[in-house]
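Counting with the numbering used here, you get residues 730 to 893 for the letters of the sequence shown.
Built from N, CA and C at the ideal position, the CB exists for glycine as well.
Note that this is a predicted model, so its numbers are computed, not measured.
Okay, so here's the structure we're looking at.
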Amino acid sequence: MKGIILYKLGSPIQSLKLQKQPIFVVGNTGIRRITGKFVKKVDKLKRERKKLVESMLETAEKIVLEAVKALKNGDWDKLGSLMDENQKILSNIGVSHPKLDLLINAAKNAGALGAKLTGGGGGGCMIALVKPKEWLKVAQAIRNVGGEVYKVKTDWVGVKTISD
């Protein structure tokens with residue numbers, strides 16, 4: 730499948746048709762981690778604080794559905810805000826990392842519309858939504874705090890790396 734997709738466990742994968750293409754900067758913390766460790770951490774938290782975690786996960790699902798609308802409408806300000814909301818939830822359930830937070834804050838302070846961790850958390854990568862003319866500034870801010878940077882955009886070929 731090409732471009733941006735919506736995936737939910739147990740549901741068919743949906744390809745999203747977009748009017749405009751978002752531009753993302755990906756920052757890699759360089760921290761290797763085992764995703765299963767963080768899945769277990771969240772499962773443990775679910776057992777200990779079931780209602781709280783279920784509420785946060787329901788909110789996260791609503792954020793995803795709103796993000797799909799923002800993507801389809803090309804409303805990057807809204808999408809950025811939703812990314813920030815999602816990151817707060819991920820941080821609250823304990824899957825962020827101080828280095829991820831450092832990269833995310835650097836991106837936001839440099840003008841990113843929104844930023845969040847991507848993948849299993851605990852290290853790895855973050856993703857920031859940027860305006861076309863801001864990507865170099867955001868990329869440099871991420872580099873300045875020790876992140877490795879990739880500028881990516883989607884098209885109907887799929888995701889590819891674009892060199893600066």
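- Is it true that the CB of L781 sits closer than 8 Å to the CB of I733? Against the sequence shown, residue 733 aligns to sequence position 4. Against the sequence shown, residue 781 aligns to sequence position 52. It is not a contact, given that the beta carbons lie outside the stated cut-off.
- What did DSSP end up calling L745 once you bin it into helix, strand or coil? Residue numbering aside, residue 745 sits at position 16 when the sequence shown is read from its first letter. Note: L745 maps to coil in three-state DSSP.
- Start-end ranges of the alpha helix (DSSP H) lying completely within the segment 758-787, minimum 4 residues: You should have 764-777.
- Task: My understanding is that V824 touches G851, with C-beta atoms under 8 Å, so please give their C-beta distance in whole angstroms.
- Result: Numbered from 1 along the sequence shown, position 95 holds the residue referred to as residue 824. Numbered from 1 along the sequence shown, position 122 holds the residue referred to as residue 851. Right, their Cβ atoms sit about 6 Å apart.
- The beta strand (DSSP E) with V859 in it runs from where to where? Within the sequence shown, the letter at position 130 stands for residue 859. Start and end: C854 to V859.
- Query: Taking DSSP as the reference, what is the three-state secondary structure of K899?
  - Reply: Because the chain is modelled from 730 through 893, residue 899 falls outside the range shown and cannot be assessed.
- Task: Give me the Cα-Cα distance between A870 and Q816, rounded to the nearest whole angstrom.
- Result: On the sequence shown, residue 870 is found 141 positions in, with the first residue counted as 1. On the sequence shown, residue 816 is found 87 positions in, with the first residue counted as 1. If I take the Cα positions, the gap works out to 19 Å.
- Query: Given 8 Å as the limit, is there contact between the segment 745-761 and the segment 859-879, that is, 3 or more CB pairs closer than that?
  - Reply: yes
- What are the start and end residues of the beta strand (DSSP E) that includes L842? Looking up residue 842 in the sequence shown gives position 113. Premise fails: L842 is in no beta strand (DSSP E) and is neither H nor E.
- From which residue to which residue does the alpha helix (DSSP H) around K866 run? One-based indexing of the sequence shown puts residue 866 at position 137. Here the alpha helix (DSSP H) through K866 covers W864 to N873.
- Message: Quick check on the burial criterion: 16 or more other C-beta atoms within 10 angstroms. Buried or exposed for I833?
- Response: Locating residue 833 in the sequence shown gives position 104, where the first residue counts as 1. Under the 10 Å beta carbon count, I833 is surrounded by 16 or more other beta carbons and is classified as buried.
- Item | DSSP state of G809 mapped onto helix, strand, coil | As a working note, residue 809 is residue 80 in the sequence shown. Three-state DSSP puts G809 in a helix.
- List the DSSP bridge partners of G756. Looking up residue 756 in the sequence shown gives position 27. BP columns for G756 point to M855 and V878.
- Task: From the DSSP output, in three-state form, read off I822 for me.
- Result: Taking the first residue of the sequence shown as 1, we reach residue 822 at position 93. The answer is coil: DSSP assigns I822 none of H, G, I, E or B.
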